[in-house]
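Enquirer: Residues 5 to 176 in this note's numbering are what the sequence shown spells out, letter by letter.
Would you mind keeping the following structure in view while I ask a few things?
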Amino acid sequence: STQMIEKFTKKKSKENKNKMILSPINTDINIKIDNILEANGPGLETTWKGGATVKCKKGNPINWDAKLSLVTGKYIIANKKLKLTSGEVISNPNIKGLFTLMLAGSKKSNNDVVELKFIQKQNNTQIEFFSQPMKSKQDILALLLFDKYNSELTSSEAYSLGITIQSLVSGK
């Protein structure tokens, strides 16, 4: 009956979801990427280097891991260019939950150095703000976007800053 087929299909798909893929052969592969991997998205232009390894014995689960490091990059935030100074992507599906993306950008504005760091670990996103000398998050973003402190912004710049903070917090 149709009902019996649906139950069987659902049960089979749940079993397959938890099943590890076993290697049909012995494998030892190393992949090296030198300054050729470009990853671009809305407002983001990056070049990466790094590599991946795949190692396994016949009949055992496939083990692999990958690590990429940022070579160059820029991020456009609120129509302002932020030079990316560091970045890293680490992925290993064999270690439960290991996927990390980190990007950091900095800018010298007035006599301040300001930095924005974006960290994505699995489904957890963090945005960190740094400055030398120490400033508030609003001043750091104002310096990144407008090259002036939050207290010096025009009303339209303050509005734009608020929209930018809201989009960073919401991830949109």
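Just so you know, even glycine gets a beta-carbon here, dropped at the ideal spot from N, CA and C.
Cβ atoms of L86 and T50: under 8 Å apart, would you say?
Expert: Contact flag unset, no.
Enquirer: Measuring straight from C-alpha to C-alpha, what distance separates S171 and A82?
Expert: Those two C-alpha atoms are separated by around 10 Å.
Enquirer: Give me the Cα-Cα distance between K84 and L147, rounded to the nearest whole angstrom.
Expert: Between K84 and L147, the C-alpha separation is close to 11 Å.
Enquirer: Throw me the rounded Cβ distance for the K62 and N30 pair, which I believe falls under 8 Å.
Expert: Confirmed, Cβ separation roughly 5 Å.
Enquirer: Going by DSSP in three states, N67 sits in which element: helix, strand or coil?
Expert: Strand.
Enquirer: Taking 8 Å as the threshold, find out whether the stretch 109-129 comes into contact with the stretch 87-95 through three or more Cβ pairs.
Expert: Touching, yes.
Enquirer: Hey, could you find the ends of the alpha helix (DSSP H) K141 is sitting in?
Expert: Unbroken alpha helix (DSSP H) run through K141: K141 to F150.
Enquirer: Whose C-alpha, out of P137, W68, K59 and E132, is nearest the C-alpha of V117?
Expert: Nearest of P137, W68, K59 and E132 to V117, Cα basis: P137.
Enquirer: Does DSSP classify I167 as helix, strand or coil?
Expert: Three-state DSSP puts I167 in a helix.
Enquirer: Name the two residues that bound the continuous beta strand (DSSP E) containing K111.
Expert: Where K111 is concerned, the enclosing beta strand (DSSP E) stretches over L102 to S113.
Enquirer: Please state whether the Cβ-Cβ distance between N96 and L102 is less than 8 Å.
Expert: The answer is yes: Cβ separation under 8 Å.
Enquirer: Here's a check: name, in chain order, each residue in its chain whose Cβ is nearer than 7 Å to the Cβ of K18, leaving out the five neighbours to either side.
Expert: Low confidence applies here, because K18 scores a pLDDT of 46, under 50, leaving its location unreliable; read the following figure in that light. Once the five neighbours on either side are set aside, K18 has no close Cβ partner at all.
Enquirer: Note down, in chain order, each residue of its chain lying with its Cβ closer than 6 Å to the Cβ of E132, except the 5 sequence neighbours on either side.
Expert: Around E132: K121.
Enquirer: Looking at the unbroken beta strand (DSSP E) that takes in L88, where does it start and where does it end?
Expert: Segment K84 to N96, the beta strand (DSSP E) holding L88.
Enquirer: For the beta strand (DSSP E) holding L41, just list the boundary residues, first then last.
Expert: Per DSSP, L41 belongs to the beta strand (DSSP E) from T31 to G45.
Enquirer: Please classify I144 as buried or exposed, where buried requires at least 16 neighbouring CB atoms within 10 angstroms.
Expert: Looking at its Cβ environment, which holds 16 or more other Cβ atoms inside 10 Å, I144 is buried.
Enquirer: Which class does K59 belong to by DSSP, given the choice of helix, strand or coil?
Expert: Correct three-state label for K59: strand.
Enquirer: Going by the CB atoms, is the gap between V93 and L72 shorter than 8 Å?
Expert: Closer than 8 Å, so yes.
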